[in-house]
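Protein chains in written order, with the numbering used here: chain A, 5 to 574; chain B, 5 to 574; chain C, 5 to 574.
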């Protein structure tokens with residue numbers, strides 16, 4: 005890892021021309037990031053890039069296999085989840101190709117790549133240069149110039165040289181290279197730092213998530229939850245590392261790759277910004293059992309109006325202008341979540357309050373705090389693009405209180421099951437609860453139990469309780485957050501109510517069973533203490549439940565009583 | 005409420021000019037409504053509007069908090085659910101603004117409002133006036149003239165005066181006002197009666213749902229289920245009023261607001277009719293656990309062809325012409341459900357037969373009746389726009405019989421659980437069944453149990469049974485109604501089958517448990533009646549299950565038997 | 005059936021002109037089909053059509069009610085599921101109409117039909133003839149000529165005669181007829197053989213599914229699973245035939261009609277090829293509990309990019325050119341599943357490996373076989389349109405291994421429940437397990453149990469186990485196959501994990517119950533063997549559990565012991 009870092013920095017240092025005194029003047033990159041990187045805002049692009057890159061590739065700061073790395077082995081597909089750690093150039097492909105040869109050969113080999121690329125801005129930089137102020141994408145002209153400034157600073161572009169195109173070889177070998185690429189040695193996959201070489205502002209913005217999201221009482225680790233550290237968040241889950249079914253564990257990795265790559269949102273190889281502004285981009289990951297953001301949005305008034313009107317939206321326009329100039333009549337995921345204090349950036353977590361998971365310890369209490377109020381105010385500012393402040397505040401209060409109701413309901417159920425656990429009464433708790441695989445430690449109602457199970461670990465009621473929090477409470481909250489009314493009936497509350505009812509039912513049945521077992525035990529105690537005790541299977545008189553030994557074929561003296569009591573013990 | 009009514013009527017009466025003898029000539033408003041309002045068809049717009057408004061605002065006829073009003077308090081967001089009851093102008097905004105100032109200031113304050121409005125017909129009335137017969141929306145020209153006639157009748161528009169625009173101030177203060185609006189006093193939200201001032205025909209059509217939907221044996225209250233009384237239907241649910249988690253209760257309110265407002269279907273502030281003709285409008289509410297209309301439609305052939313072809317539909321054309329002239333190759337929700345005998349109106353409930361909930365008492369029997377046959381014939385007429393009559397009737401029969409099968413399955417399960425209830429055998433029924441909050445009354449398998457639960461109220465099996473009817477039977481029926489084939493496997497029948505199996509399983513287990521308890525009781529009875537009885541906990545001889553008292557340290561005479569039997573009682 | 009075949013062939017034979025020596029030169033029809041039909045590739049269209057038709061209509065080869073036909077009766081809607089078997093012309097319609105009269109009358113009677121048809125290619129054949137090479141649909145010109153060649157071969161079109169149109173009468177009576185159609189005698193619905201009269205290539209392609217899908221160890225019947233025999237696959241399910249709820253059984257038929265008809269994918273009456281190239285076509289059937297293909301695709305990167313970009317796709321272009329020329333930036337269902345070795349055909353099952361159902365016996369083992377490897381290679385070729393071979397192979401391995409993990413988990417659960425079954429311990433297994441309706445045979449964990457249930461057949465745990473395989477394992481596999489990441493958490497694994505946990509929990513509880521029952525039995529055995537035995541209900545001394553008879557009002561001699569032991573038996 006460290007080697008790789010120096011290799012890349014080395015490439016940079018050896019660049020043909022060293023950049024001038026250009027500043028990396030990116031007002032959208034928050035001060036927290038400059039501070040964390042120990043840079044002034046006057047830093048030049050090269051300084052900013054190198055500082056970001058060093059941190060980005062540092063295993064101590066989240067790169068690579070993570071703190072449980074020794075427990076898990078990659079699968080062959082892992083090279084696509086984390087190319088910096090696992091990808092190796094293909095040994096079976098012998099071609100050493102020029103820029104033009106890449107395109108020519110892959111037109112046959114993988115036509116989809118080339119067709120998409122040919123439509124892309126990457127293949128048509130000159131079109132960008134010819135844009136005029138009346139074009140929707142005129143803003144891209146300045147962006148291209150900024151990118152060229154960055155590349156000059158990095159020594160990747162000569163003074164006065166213009167970038168001709170961004171082709172296969174630029175991302176998969178080296179930007180603006182004049183050399184040939186040897187498949188067996190040179191081919192790399194484009195990771196976030198690759199994209200960041202040109203798109204430094206965006207790279208810095210997304211990396212800033214590490215710096216801006218900090219929690220008053222460490223409810224979450226620093227910099228999380230965020231896209232910038234989502235791979236770390238994945239591989240440092242103990243059960244991820246511990247479970248033997250690697251392809252199941254990697255189901256989570258499928259989404260937790262934004263730390264490593266940009267192509268979740270910017271699908272290759274057209275990399276259309278217009279496309280990445282559509283809500284369906286976010287749906288790829290923000291959907292499902294414990295992050296039903298897409299389901300909630302897409303059935304809300306917001307999402308359904310988006311569906312009805314989107315064909316008339318002008319997605320070429322920058323998000324900040326979409327409402328006023330782009331005909332955007334309903335919010336996209338992006339227009340609310342990428343916005344912070346009126347600016348659109350790649351830091352998506354600046355307004356986070358609940359962080360999707362209301363049950364995380366300390367989150368609930370934190371909602372009434374200055375920390376949270378500041379973020380609430382930022383949300384209200386977002387909403388007032390289309391709503392009154394009164395409306396926005398009334399809704400935020402509604403959402404919070406609805407979530408509190410869910411938490412209370414969960415607490416009631418938790419109390420019941422936890423008492424069973426403390427009394428050792430969960431099904432099989434004392435007889436059939438295998439330990440989870442290392443590095444996972446067993447415990448009551450743990451995350452690992454939705455991934456891994458064996459014997460009676462977890463108990464059914466325990467898993468139900470966990471899902472009540474992880475799935476149903478989350479769905480209640482997320483649906484409220486997106487004003488999807490299904491939270492009472494369809495998801496969320498109805499499911500929590502059902503879980504509570506079933507948990508209560510099981511608890512009452514358990515108590516009845518225990519009562520019955522006690523009655524039987526009492527009867528057994530009585531039996532063992534009664535005068536004569538016969539085994540029914542062979543008609544012989546035995547010594548009750550005391551072992552199976554001592555056969556008595558005759559009579560038994562009353563004197564035997566006290567001794568048998570002791571043996572019976574219990 | 006009453007005050008508000010007179011205030012509004014007062015405004016009307018004081019209008020600058022009284023209307024001439026214009027008739028409110030709305031053939032799409034059913035006779036039932038004229039009868040209910042005690043009006044002739046020769047009534048002028050003012051008479052019609054005032055009669056509608058009086059009823060609309062009358063608490064005795066469904067306005068406001070409802071018959072359980074004393075049990076529940078509004079939340080701050082309630083002002084948006086029922087503005088007529090809860091909305092107060094914002095005290096913190098001091099501006100007193102002209103028509104133009106509203107727009108100017110809100111261009112900055114809430115740009116989404118203004119941008120949408122500027123695209124709307126409301127902001128471009130002159131464009132309507134210039135339409136020619138070859139324009140798709142030419143019909144709007146006549147509609148605008150009708151609206152102006154109405155406004156003249158109401159004294160809101162001078163003779164010969166044209167409506168210039170419908171801006172912020174017209175809906176949020178008073179239509180066509182020349183005055184300034186004082187935010188702290190004058191601002192109102194637009195409720196259905198506000199929209200109805202201009203859109204009188206549509207207001208009358210939607211209010212007619214109160215009159216046309218009547219049930220032969222009062223299976224539902226008069227005028228319900230309908231959009232016209234959907235708020236009443238919500239707040240007069242006992243558990244809505246009784247539960248303490250107000251934001252959860254209001255999850256239902258989120259949709260049950262069409263009585264109060266028009267903007268569920270006509271989203272503010274573009275109020276595009278074309279948009280409101282798209283199926284995704286209905287999905288906002290008609291989706292979810294117990295009204296899966298959207299899910300069924302959108303995975304049916306109808307809904308999926310809509311998805312494939314809709315970009316070619318001309319939504320500017322009136323629904324009645326959509327198939328023949330608008331390229332509409334698949335039904336929208338609106339084109340089937342707003343149609344009745346060839347006409348499209350805002351009364352959506354005229355063909356109702358099953359009313360979504362087959363388990364409602366009396367609904368099943370009613371399907372074979374003249375009442376239902378008349379509606380079936382109306383449905384067949386709808387279907388023959390694109391199907392043969394034979395096809396339509398075969399399908400209706402198929403749908404009905406499939407629903408009957410579901411009802412039968414439900415009845416079997418009901419019988420099992422109900423017997424348990426009658427025998428007092430539901431889990432915790434005699435030991436841990438707290439009463440629901442007032443005004444809710446406890447009972448077997450009640451609606452409140454999917455909202456509220458405590459202790460063993462409801463029992464798990466009881467809730468499962470209820471959901472079998474409320475969710476799964478409904479999903480079976482609704483899927484059949486929309487020809488979504490998933491009703492056998494994915495939703496509906498499969499879920500009912502599963503519920504039946506689990507209920508049967510629980511029942512058998514319960515019987516086994518009872519049998520075992522009886523055997524233990526018999527043993528206990530035997531023990532108490534046996535010669536010697538020892539307590540196993542301390543090795544001392546006790547008097548069995550008779551209290552814990554009477555310790556016997558020595559022998560016990562046979563003479564003791566009969567007395568102990570009596571004590572044991574049971 | 006046989007009669008019908010000869011009738012049709014008869015019509016062909018009597019055609020006005022016999023065709024020349026035209027070959028049915030269809031390279032996309034696989035050799036397996038020519039072999040099965042005992043034809044050379046030099047066969048003319050007439051020979052090919054007649055051979056296909058004969059097989060198509062042959063009950064022994066899958067036409068009609070199937071091998072359980074005597075058990076089930078059709079419903080009135082069955083005529084639309086299987087017109088060749090059940091449709092009769094409408095007796096109530098007396099019109100005898102010309103080609104033009106059909107259109108004229110139905111413009112009023114069923115306007116949707118006519119409006120759609122008027123947009124269709126069928127109504128605009130001359131437009132096809134005027135296409136030039138620069139038109140997207142130019143390929144249709146040659147296709148029309150092929151169709152005319154076929155019709156001439158069949159004697160349906162005169163030498164040099166051009167087909168003027170394909171109107172109502174052509175499909176619903178006879179192609180290119182000059183006669184009038186009598187509704188009461190002549191009207192037919194268009195089945196696949198009707199469409200195949202003109203679209204012979206496509207008919208042959210789809211019928212070829214019968215021939216290409218064969219299984220090394222008969223894991224599935226020959227030619228299945230496929231569209232070509234999907235109706236047979238439906239009606240030859242024993243529980244389909246046996247269950248009394250016909251409309252529920254026919255929920256499956258709703259999709260299993262592709263054997264009989266083409267209009268699932270080619271919706272009537274516009275029959276737009278462009279439309280049928282959209283993924284939403286497949287969603288009609290390939291969605292839901294045990295074939296969640298649509299759900300998986302539509303939330304995958306593939307499906308969501310399709311949603312974002314599809315408005316820019318040129319669906320008029322043939323699928324084979326869609327990526328390179330049609331701007332198709334994301335796969336449709338069709339572009340991957342209709343492709344085989346670079347060609348697009350109506351045989352959709354040539355790359356089948358898992359066949360959707362990993363739990364089918366022998367499927368798992370078969371994945372490592374030459375048979376499967378050949379198909380895997382074909383898949384890899386498909387993927388390399390847009391991915392590297394390394395990527396494709398890594399993913400296929402990932403998918404297979406993930407599915408294996410699911411199978412292992414299922415096996416663990418199966419073992420638990422199967423042991424209960426073998427021991428006769430399923431709930432009610434010995435006391436309340438009614439036999440399923442004929443022709444269904446009872447057994448452990450059977451398919452019929454998700455359709456039909458009665459008493460404790462199936463047991464809850466047994467149904468849960470079955471659904472673990474039929475629904476959750478399938479969802480795991482299908483989600484993996486479509487790279488939908490929800491397979492770990494949202495569907496698939498999480499649900500399997502939950503099922504396993506609940507099954508384990510039930511099993512432990514069962515063992516505890518059995519242990520308690522045994523303890524009680526021991527106590528009872530003890531009681532019956534104890535000196536004195538009193539019945540607690542009336543205070544009289546009885547002979548324990550031995551019958552209810554023998555009242556003992558006095559003392560009982562020790563001599564009685566041995567006899568009672570024998571009576572007690574057990």
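Each residue gets a CB set at the ideal place from its N, CA and C atoms; glycine is no exception.
A quick note: this is a predicted structure, and the numbers were derived from the prediction, not measured.
In the structure shown, what three-state DSSP assignment does residue i receive?
i: residue 547/B; result: Bear in mind that a pLDDT of 36 at residue 547/B, under 50, signals an unreliable position, so the model cannot answer this.
i: residue 495/A; result: coil
i: residue 343/C; result: strand
i: residue 429/B; result: coil
i: residue 185/C; result: strand
How many Å lie between residue i and residue j at the Cα?
i: residue 392/C; j: residue 232/A; result: 27 Å
i: residue 242/A; j: residue 492/C; result: 16 Å
i: residue 578/A; j: residue 500/A; result: Lying before the first or after the last residue shown, residue 578/A is absent from chain A, which here runs from 5 to 574.
i: residue 309/A; j: residue 285/B; result: 8 Å
i: residue 290/B; j: residue 477/B; result: 16 Å
i: residue 578/C; j: residue 90/C; result: As shown, chain C starts at 5 and ends at 574. That puts residue 578/C outside it, with no answer to give.
i: residue 446/C; j: residue 332/B; result: 49 Å
i: residue 105/C; j: residue 169/C; result: 15 Å
i: residue 167/C; j: residue 298/C; result: 38 Å
i: residue 224/B; j: residue 359/B; result: 9 Å
Comparing C-alpha positions only, which one of the options sits nearest to residue i?
i: residue 489/A; options: 435/B, 66/B, 461/B, 288/B; result: 288/B
i: residue 207/C; options: 331/C, 297/C, 30/C, 255/C; result: 30/C
i: residue 1/B; options: 127/B, 473/B, 43/B; result: The question about residue 1/B has no answer, for chain B in this structure spans 5 to 574.
i: residue 86/B; options: 527/B, 135/B, 530/B, 235/B; result: 235/B
i: residue 425/A; options: 330/A, 451/A, 466/A, 69/A; result: 466/A
i: residue 176/B; options: 136/B, 139/B, 204/B, 188/B; result: 188/B
i: residue 399/A; options: 244/B, 113/B, 251/B, 357/B; result: 251/B
i: residue 440/B; options: 432/B, 128/B, 218/B, 455/B; result: 455/B
Go ahead and label residue i buried or exposed: buried means 16 or more other beta carbons lie within 10 angstroms of its beta carbon, across all protein chains shown.
i: residue 39/C; result: exposed
i: residue 428/C; result: exposed
i: residue 407/A; result: buried
In chain order, what are the residue ranges of uninterrupted alpha helix (DSSP H) at least 4 long that sit wholly in the region 370-453 of chain C?
374-387, 393-426
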